[in-house]
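If you're matching them up, the sequences are chains A and B in order. Counted the way this note's numbering counts, the first sequence spans residues 512 to 687. Counted the way this note's numbering counts, the second sequence spans residues 436 to 880.
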Amino acid sequence: MFFHITLERNMQLHPRHFGRNLRENLIAKLMKDVEGTCSGRHGFVVAITGIENVGKGLIRDGTGFVTFPVKYRCVVFRPFKGQILEAVVTMVNKMGFFAEAGPVQIFVSNHLIPDDMEFQSGDMPNYTTSDGSVKIQKDSEVRLKLIGTRVDATEIFCIGTIKDDFLGVINDPTTA
Amino acid sequence: MTIVSDSPVHSSSSDDFASFLDAELATSTSDSSADEEGDEEENLESKRVKRRKVEVLEILEDVQDSTARVETSKEEAICAHPGSFGGMCIICGQRVAEEAGVAIAYIHKGLRLDSPELVRLRNADMKNKLNQKKLHLILDLDHTLLNSTMLFHMTSEEDYLKSNADSLQDIQNGSLFMLEHMRMMTKLRPYVRQFLKEANEMFEMHIYTMGDKPYAREMAKLLDPGDQYFNDRIISRDDGTQKHQKGLDVVLAEESAVLILDDTENAWTKHRENLILMERYHFFASSCQQFGFRCKSLSLLKSDESDTDGALASVLRVLKRVHSMYFDEDPRDAPSNRDVREFLKSVRKEILQGCRIVFSRVFPTSFPPESHQLWKMAEQLGATCLVEVDSSVTHVVANDPNTEKSKWATNETKYLVHPQWIEATYYLWQRQVEDKYPVNQSKSQ
């Protein structure tokens, strides 16, 4: 799920960046440091939308670095257990398939794939129903439900299932 | 119906639901009770009515949902956590101990599988392979299918190779590649493309190398530009469970259906019987140097291994043989009893069948001859090794033509061969012509 929240961060700036462009340098450094990172609490920071305020800078003892507390608004993405999500399949093998929804890596084990779908190995490994009507292969879009999530410093791992109603392939790439 | 009353989970949840509802209703009625104190009795009654209604509703719900709910709670309670991805069980999503099971990281980072799950997957794979009539083949990269060298290790005499490198736009037709971004050059072994094409029809192929992951991926791109042979079955040294050792524990295949092609025996100490030892491919000078050979490498000699007569072609013949022996058995014989290791042994035993060999001054005298590498090789090839000469002996293996046994061999017109004859026979899977391995007076090899 996406959220638009305010976060705060203490940014350290080297005096060489001071001058007319102090604020721009600070904001550029903030974007470089924060966009694309993950935190356990908020999830994945997708983009910074604006700076709310920049506090007074404090010179650190010992070094000449100055610390500015910056409050900024950003869009974050955090998956939740029980959430329904659409994802793109990246890899299919006999243990299940891996899918990706932005920065989130989701694994759906073959225990959580409906029993009527069988694994077919070959050039383009896939899971197909016995009558061939539904096929999950690389680049298929699937709707899945998350049953477990874990966020660490740079990545988010999730376990998903398609064994419930209304879950499964949305779009077949071969007919698209 | 008994399930409904007996299951502890069920009853506690119903208590929570009812008390939760009550709490909600109590707060809403208490808000309005300030004005209507006289209606307390009514409220109590309405609460009781509501509670009863709630209970009735619940009983109806339970009849429909009880089995479902109990089953899921039972499932969660007995989930065996057969594997984990990113620290979570792949079936129920709960956190599991990080180090449980075997890391199958070459398929995807963070994937771990438990022993029972691995057994289940291997069995399922076995059935699949029997239907497709395929076995598994694990290939080593360095010195087996190709030879790589760092650019700064190349000698000045090898500079001509840099300009003769094949184009990276047309990988399928090339064999010598310059990889600038990795600062190395790679030469594919002759016959490798034909070998892979034919082996692919009989085997599901895996790469298992002691190189790191990026190197393994690059080499896979050169060997398999169409991505038909290996897919995600590329195991590098970061994916192994033990340092300096390769193992079949990370391979999703039954041990009795796996053949391994490698030039290093020491890497496969646990699976020697599945191993087909390959003669090392030394193209670059640095490769010869690494192994302490003072001979000139193929690049300096400006020649190459023979295409149709080289190591890969011989091994391909052996693989075809073992494959046909495995799948052409009597259909009444249960497939699960067949073991590819037994077939390999029997193919090997045919090569020098009937030969009786005596070794002369090849082993140090204090050494028990039966444990010597050459003795063991000869026995694996089907020959019988003897310590003393007698009339049934067919070959004498010696380094020096002037020993007693060597002279005896020449007198009795028995074959007198250099130890390399046994080695060549072993690597080429074919009895070599004895005359090509004479024993000379010169001491240099």
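Glycine included, C-beta positions come from ideal geometry on N, C-alpha and C.
With respect to chain A, the C-beta atom of Phe-638(B) has no partner C-beta closer than 7 Å. In the DSSP assignment, Asp-697(B) falls within the beta strand (DSSP E) that extends over 693-697. Excluding sequence positions up to five before and after Gly-745(B), its CB lies within less than 7 Å of the CB of Pro-625 and Tyr-626, all in the same chain and listed in chain order.
Residue burial is scored here from C-beta neighbours: Ile-513(B) has fewer than 16 other C-beta atoms within 10 angstroms and is therefore classed as exposed.
Listed along the chain, the chain A residues whose CB falls inside 8 Å of the CB of Gln-529(B) are Gly-659.
Counting only residues of its own chain and dropping the five nearest sequence neighbours on each side, Lys-656(A) has a CB closer than 8 Å to the CB of Gly-593, Gln-594, Ile-595, Leu-596, Gly-671, Thr-672, Ile-673, Asp-675 and Leu-678.
Checking the DSSP bridge columns, you'll see Ile-595(A) partnered with Lys-656(A).
With a 10 Å radius around the Cβ and a threshold of 16 neighbouring Cβ atoms, Thr-860(B) comes out buried.
Ranked by how close their Cα comes to the Cα of His-641(B), the residues Ser-741(B), Leu-747(B), Asp-575(B) and Val-750(B) have Asp-575(B) in first place.
Here the alpha carbons of Val-600(A) and Asp-650(A) stand approximately 5 Å from one another. Close CB contacts of Ser-519(B) within its chain, under the 6 Å cut and outside five residues either way in sequence, are with Val-531 and Arg-547 (chain order). At a beta-carbon threshold of 8 Å, the residues of chain B lying near Met-602(A) are Ile-542, His-543 and Asp-667, ordered along the chain. If you compare the alpha carbons of Cys-585(A), Val-577(A) and Val-557(A) with that of Glu-563(A), the shortest gap goes to Cys-585(A).
Per DSSP, the unbroken alpha helix (DSSP H) holding Gln-724(B) starts and ends at 720-725.
At least one CB atom of chain A sits nearer than 7 Å to the CB of Met-523(B). Neighbours of Met-606(A) across chain B, judged by C-beta separation under 7 Å: Leu-556.
Below the 8 Å Cβ cutoff, chain A contributes no neighbours of Gly-536(B), its closest Cβ being approximately 12 Å away. Take the alpha-carbon of Ser-721(B) and the one of Cys-669(A): they are about 46 Å apart.
Gly-545(B) and Val-603(A) have their alpha carbons spaced roughly 16 Å apart. Looking from the CA of Ala-651(B), the closest CA among Gly-661(B), Arg-668(B), His-807(B) and Asp-698(B) belongs to Arg-668(B). Around the beta-carbon of Ala-610(A), 16 or more other beta-carbon atoms lie within 10 Å, marking it buried. A distance below 7 Å separates the beta carbons of Ala-818(B) and Cys-790(B). In this structure, His-830(B) is the residue among His-830(B), Gln-855(B) and Asp-662(B) with its C-alpha nearest to the C-alpha of Thr-845(B).
Judged by their CB atoms, Lys-622(B) and Phe-718(B) are nearer to each other than the 7 Å cut-off. Contact between Lys-564(B) and Leu-572(B) fails: their C-beta atoms lie close to 12 Å from each other, not under 8 Å. The straight-line gap separating the alpha-carbon atoms of Ala-535(B) and Cys-527(B) is approximately 16 Å. If you keep only unbroken beta strand (DSSP E) runs of at least 3 residues inside the region 522-572 of chain B, you get 546-548. Within chain B, Phe-520, Gly-521, Gly-522, Met-523 and Gly-545 have C-beta atoms less than 8 Å from the C-beta of Phe-668(A), given in sequence order.
Rounded to whole angstroms, the Cβ separation of Pro-804(B) and Val-828(B) is 15 Å, and the two are not in contact under 8 Å. With respect to the C-alpha of Gln-724(B), the residue from Ile-695(B), His-588(B) and Ala-688(B) having the closest C-alpha is His-588(B).
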